[in-house]
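Novice: Chains as they are written, first to last, in the working numbering: chain A, 174 to 461; chain B, 173 to 549. All residues carry an ideal CB built from backbone N, CA and C; glycine is no exception. Next up is a structure, given as structure tokens.
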Amino acid sequence: MSILVNKDTRVLVQGITGREGRFHAEQMQKYGTKIVAGVTPGKGGQEALGVPVYDTVAEALKNHTVDASIIFVPAAAAADAALEAAHAGVPLVILITEGIPTLDMVAAVKEIKDLGVRLIGGNCPGLISSEEAKLGIMPGHVFKKGRVGLISRSGTLTYEAAAALSNSGLGTTTTVGIGGDPIIGTTFKDLLPLFNDDPETEAVVVIGEIGGSDEEEAAAWVKENMKKPVVGFIGGRSAPKGKRMGHAGAIIMGDVGTPESKLKAFAEAGIPVADTIDEIVDLVKKAL
Amino acid sequence: MKLHEFQAKELLAQEGVPVPAGKVAYTPEEAERIAKEYGKLVVIKAQVYVGGRGKAGGVKLAKPEESREVASKILGMDIKGLTVKKVLVAEAVDIAKEYYAGFIIDRSTQRVVLMLSKEGGVDIEEVAKTNPSAIVKYAIDPHKGLRGFEARQVVKEAGLEGNLNRLAGAIVKLYKAFVKSDASLAEINPLVVTDQGDVVAADAKINLDDNALFRHPDLARLREVEAEHPLEIEASNYGFAYVKLDGDVGVIGNGAGLVMYTLDLVNRAGGKPANFLDIGGGAKADVVYNAVKLVAKDPDVKGIFINIFGGITRADEVAKGVIKALEEGIIKVPVVMRVAGTAEEEAKKLLEGKPIYLYPNSLEAASAIVTMVGGQK
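Structure, rendered in structure tokens:
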């Protein structure tokens, strides 16, 4: 079991004919992901990676059943592509693109939520259900099937954590990179209930970082509702205030987003916090 | 990207927000000419990208005949490490009331939020700390925008006194300027009600969303590179996410999360990072070479820590880039590396026998580099 995606998930790739889209879609296929079609406006009728390409998402949906769409469209058109998928009726939209104008996301996130569609990202590595399906850009080989759910605002650090969990024999069920931008479709607290209900997930690791208050909100949810152990991590604890550390969302503004506030929230919810990536494994083992 | 006060005021004026007449001067003589043209009391304000200009002595009232001398004191002044190269000379306003109006992108509501307060003219972050109830917040529906009636309700709720339509009008126009320029922050502080009952933006601040600059070439052109650290300018030319910090350990990694974590590890080991540098995903050898060259150029750097977890990025490509920099002799300081993930074995083979300290994990690598630069606690 896993959350959101598995080996049967039928996937549409928006931007399949672009350089990034083609490369990653091919990697996804190699991992075993079931890609059924692609969309690139103006390239309808072509074929890419053995699947048909359509001009619009609506056309693709006339010919295929689609459970999720993954988007590799350039930043200027990315929010529009996500809206297109949501309006066409795709229930799960994964937006990989980095550098999307923030106000585009403010408008798109509201509209997509109003449609009842789940959006993950933007500026995210996507999600992977270990040894089943990869809808993202992560290196698939570091994810071994196992017992831990993993949620993260970072990309590379997620791979590190997944590798550590794999090497320890714990492994992962589903890993979701929620993205490093200030406005994203899905936050930690949106995913925790899914892991809580997934019978194969025995513990959840939350890899947070400075900036915003997603970690505090997740901690509050855990305190009230979570039946499974949660282990936390906060990246950027030594970062100076007011400086943006790569991720647009990783910035301490005034008193919001400080590591102290996040550590306090985790402590109050009884969530042990790992100081290093290796320590995550120890804490998960201890909690299980 | 930040805008200067005079640039922010221009954007407001375009939307119809009343701003005091003002012009920019680069010399005391120009300032005097402008002040004499207005023929009345003016305020001379340093135009630098930092707050707290008033406290630093960068904002002064002057009569036209005093304006040359006052401007000569402000021009060339150092405010928080930035040299004042220009001043705004603006007509002084008669202040009856000073309020605060601002828009930010709020992450928890995922909306643009209006913040309005009677406590204007002071640092709003201070107000948020000492008297949070003095700030009224209102989240805006992105598809409807801020309508007049909503602005009027918020003005009433915040207890602002003065002409309701003028106050609400200025706030709606500020929102329009925010959206039109793709801002991440837009504020008027103070929003002044004058003795005559006029509503005027006496000061303004706008920060722009870097992600949206591509559709505002006219605003993108206003970026002043001399205000940034020269290494940050060079890094942005290479397309790196780079932040100059005040320590002596150069840090390079792939992925913002991993680089942030690497800074944390250096700190934990008792050291201080000299920079944040993310080479991004899928970097080839030449990109890595440029990153190493950039960090090695920083005179503060006494040692370099390269932390790579290969995903899309191949560890052997990273190794090739580092080796090229070594062979060209541009690295004069010790280099500690940790490589894992995709093509890890190939990378290790390439690095064998090279003057590089290779460690199996990040923690050991961090301790090693901190010891090497002599910064261990």
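Which residues does DSSP pair with Gln219(B) in a beta bridge?
Specialist: Indexing the second sequence from 1 puts residue 219(B) at position 47. Note: Gln219(B) sits in no beta bridge, so no partner.
Novice: Using only the alpha-carbon positions, how far apart do Ala306(B) and Lys290(B) sit?
Specialist: For the purposes of this step, residue 306(B) is identified with residue 134 of the second sequence, where counting begins at 1. For the purposes of this step, residue 290(B) is identified with residue 118 of the second sequence, where counting begins at 1. Going by the C-alpha atoms only, they are around 7 Å apart.
Novice: Under 8 Å Cβ to Cβ from Glu333(A), same chain only, skipping five residues before and after it: list those, please.
Specialist: The residue given as residue 333(A) occupies position 160 in the first sequence. Correct list, in chain order: Ile450.
Novice: Can you tell me where the beta strand (DSSP E) holding Ala355(B) begins and where it ends?
Specialist: Locating residue 355(B) in the second sequence gives position 183, counting from the first residue. Looking at the DSSP string, the run of the beta strand (DSSP E) that includes Ala355(B) is 355-366.
Novice: Any idea what DSSP makes of Met173(B), helix, strand or coil?
Specialist: Here residue 173(B) refers to the residue found at position 1 when the second sequence is read from its first residue. Coil at Met173(B), not helix or strand.
Novice: Spatial neighbours of Val438(B) within its chain, please: CB distance less than 8 Å, with the 5 preceding and 5 following residues excluded, ordered by chain position.
Specialist: In the second sequence, residue 438(B) corresponds to position 266, counting from 1. Excluding positions up to five away in sequence, the list reads Gly419, Val421, Val423, Lys444, Pro445, Phe477, Ala538, Ile541, Val542.
Novice: Contact criterion: CB-CB distance below 8 Å. Does Asp354(B) meet it with respect to chain A?
Specialist: Stepping through the second sequence from its first residue, residue 354(B) is reached at position 182. Taking Cβ atoms only, chain A reaches closer than 8 Å to Asp354(B), which makes this a yes.
Novice: Please confirm whether Ala428(B) has its beta-carbon closer than 8 Å to some beta-carbon of chain A.
Specialist: Residue mapping note: residue 428(B) aligns to position 256 of the second sequence, counting from 1. Chain A, which has a Cβ nearer than 8 Å to the Cβ of Ala428(B), makes this yes.
Novice: Near Glu220(A), which residues of its chain fall below 6 Å by C-beta distance, leaving aside the five closest residues on each side in sequence?
Specialist: The residue given as residue 220(A) occupies position 47 in the first sequence. Correct list: empty, nothing qualifies.
Novice: Could you tell me whether the Cβ atoms of Ala376(A) and Arg320(A) are closer together than 8 Å?
Specialist: Reading the first sequence from its first residue, position 203 is the one you call residue 376(A). Reading the first sequence from its first residue, position 147 is the one you call residue 320(A). Yes. Within cutoff.
Novice: Under 8 Å, with one C-beta from each stretch per pair, do the segment 467-483 of chain B and the segment 501-512 of chain B reach the 3-pair mark?
Specialist: yes
Novice: Buried or exposed: His314(A), going by 16 or more other Cβ atoms within 10 Å of its Cβ?
Specialist: Looking up residue 314(A) in the first sequence gives position 141. With fewer than 16 Cβ atoms within 10 Å of its Cβ, His314(A) is classed as exposed.
Novice: Determine the chain B residues that contact Ile329(A) at a beta-carbon separation under 7 Å, and present them in chain order.
Specialist: For the purposes of this step, residue 329(A) is identified with residue 156 of the first sequence, where counting begins at 1. For clarity, residue 329(A) is Thr in the given sequence; the question names Ile instead. Result: Asn426, Gly427, Gly429, Leu430, Phe481, Gly483.
Novice: Short check: CB of Leu522(B) to CB of Leu530(B), under 8 Å?
Specialist: Counted from its first residue, the second sequence places residue 522(B) at position 350. Counted from its first residue, the second sequence places residue 530(B) at position 358. No, the pair does not count as a contact, with Cβ atoms beyond the cut-off.
Novice: For the segment 269-299 of chain B, list every residue whose C-beta sits within 8 Å of some C-beta in chain A, in sequence order.
Specialist: Ile277, Arg279, Ser280, Gln282, Arg283, Val284, Glu297
Novice: Keeping to the same chain, check which residues put their C-beta closer than 7 Å to that of Leu430(B); ignore five residues upstream and five downstream.
Specialist: On the second sequence, residue 430(B) is found 258 positions in, with the first residue counted as 1. Correct list, in chain order: Asn479, Phe481.
Novice: Please confirm if Gln548(B) has its CB atom under 8 Å from at least one CB of chain A.
Specialist: Here the question's residue 548(B) lines up with position 376 in the second sequence. Confidence at Gln548(B) is low in this model, with a pLDDT of 49, below 50, so the placement of that residue is unreliable and no value is reported for it.
Novice: Express the C-alpha separation of Gly369(B) and Ala376(B) in angstroms, rounding to a whole number.
Specialist: Against the second sequence, residue 376(B) aligns to sequence position 204. Against the second sequence, residue 369(B) aligns to sequence position 197. Looking at the two C-alpha atoms, the distance is approximately 20 Å.
Novice: When you compare the segment 355-371 of chain B with the segment 266-280 of chain B, are there three or more beta-carbon pairs, one atom per stretch, that lie closer than 8 Å?
Specialist: Three or more Cβ pairs drawn from the segment 355-371 of chain B and the segment 266-280 of chain B lie within less than 8 Å of each other, which places the two stretches in contact.
Novice: Between the alpha carbons of Gly134(B) and Gln219(B), how many angstroms are there, rounded?
Specialist: Outside the shown range of chain B, which is 173 to 549, sits residue 134(B), and nothing can be said about it.
Novice: Could you round the C-beta distance between Ala515(B) and Asp488(B) to whole angstroms and report it? I think they count as a contact, below 8 Å.
Specialist: Within the second sequence, residue 515(B) is the residue found at index 343, counting from 1. Within the second sequence, residue 488(B) is the residue found at index 316, counting from 1. Rounded, the Cβ-Cβ distance is 4 Å, consistent with contact.
Novice: Using DSSP with H/G/I as helix, E/B as strand and the rest coil, what is Val438(B)?
Specialist: For the purposes of this step, residue 438(B) is taken as residue 266 along the second sequence, with counting starting at 1. Looking at Val438(B) - three-state DSSP - the assignment turns out to be helix.
Novice: Thinking Ile495(B) and Lys526(B) are a contact (beta carbons under 8 Å), I'd like their distance in whole angstroms, please.
Specialist: Taking the first residue of the second sequence as position 1, residue 495(B) is located at position 323. Taking the first residue of the second sequence as position 1, residue 526(B) is located at position 354. So it is a contact: roughly 6 Å between Cβ atoms.
Novice: For His420(A), is the classification buried or exposed, using 16 other Cβ atoms within 10 angstroms of its Cβ as the cut-off for buried?
Specialist: The residue you call residue 420(A) lines up with position 247 of the first sequence. Classification for His420(A): buried.
Novice: Taking its Cβ as the centre, do 16 or more other Cβ atoms sit within 10 Å of Asp253(A), making it buried, or is it exposed?
Specialist: Numbered from 1 along the first sequence, position 80 holds the residue referred to as residue 253(A). When all chains shown are included, Asp253(A) counts as exposed.
Novice: Apart from the five residues on each side of it in sequence, which residues of its chain come closer than 8 Å, Cβ to Cβ, to Asp382(B)?
Specialist: For the purposes of this step, residue 382(B) is taken as residue 210 along the second sequence, with counting starting at 1. Result list for Asp382(B): Met173, in chain order.
Novice: Since Gly217(A) meets chain B, which of its residues come closer than 7 Å, beta carbon to beta carbon?
Specialist: Sequence index remark: in the first sequence, residue 217(A) carries index 44 (1-based). By Cβ distance, chain B contributes nothing, its closest Cβ being about 27 Å from Gly217(A), past 7 Å.
Novice: Looking at C-alpha atoms only, which residue of Glu199(A), Asp181(A), Val226(A), Phe406(A) is the closest neighbour of Lys207(A)?
Specialist: For the purposes of this step, residue 207(A) is identified with residue 34 of the first sequence, where counting begins at 1. Per the Cα distances, Asp181(A).
Novice: Does the distance from the CB of Pro555(B) to the CB of Ala243(B) come in under 8 Å?
Specialist: Since the first residue of chain B shown is 173 and the last is 549, residue 555(B) is not available in this structure.
Novice: Taking Cβ-Cβ distances shorter than 7 Å, what residues in chain A pair up with Pro314(B)?
Specialist: Along the second sequence, read from residue 1 onward, the residue named residue 314(B) stands at position 142. Going along chain A in sequence order, the residues near Pro314(B) (Cβ under 7 Å) are Val279, Ala280, Lys283.
Novice: With H, G and I counted as helix, E and B as strand and the rest as coil, what does DSSP make of Lys549(B)?
Specialist: Taking the first residue of the second sequence as position 1, residue 549(B) is located at position 377. Since pLDDT at Lys549(B) reaches only 44, below the 50 mark, its modelled position is unreliable, and no value is offered.
Novice: Is it the case that the Cβ atoms of Val189(B) and Lys345(B) are separated by a distance below 8 Å?
Specialist: Within the second sequence, numbered from 1, the residue matching residue 189(B) stands at position 17. Within the second sequence, numbered from 1, the residue matching residue 345(B) stands at position 173. Contact: yes.
Novice: Using the three-state DSSP reduction, which class does Gly147(A) fall into: helix, strand or coil?
Specialist: Look at the range of chain A in this structure, 174 to 461, and you will see that residue 147(A) is not part of it.
Novice: Could you tell me whether the Cβ atoms of Phe316(A) and Thr348(A) are closer together than 8 Å?
Specialist: Within the first sequence, the letter at position 143 stands for residue 316(A). Within the first sequence, the letter at position 175 stands for residue 348(A). Yes, the pair counts as a contact, with Cβ atoms nearer than the cut-off.
Novice: Only counting the same chain, and skipping five residues up and downstream in sequence, which positions put a Cβ closer than 8 Å to that of Glu177(B)?
Specialist: For this step, residue 177(B) is matched to residue 5 along the second sequence. So the list reads Lys217, Gln219, Leu260, Asp375, Ala376, Lys377, once near-sequence residues are dropped.
Novice: Let me check understanding here. Comparing Cα to Cα, which of Ser534(B), Pro532(B), Val505(B) lies closest to Glu544(B)?
Specialist: If you number the second sequence from 1, residue 544(B) lands on position 372. Note on identity: in this sequence residue 544(B) is Met, with Glu being the wrong assignment. Selected option, being the one with the closest Cα: Val505(B).
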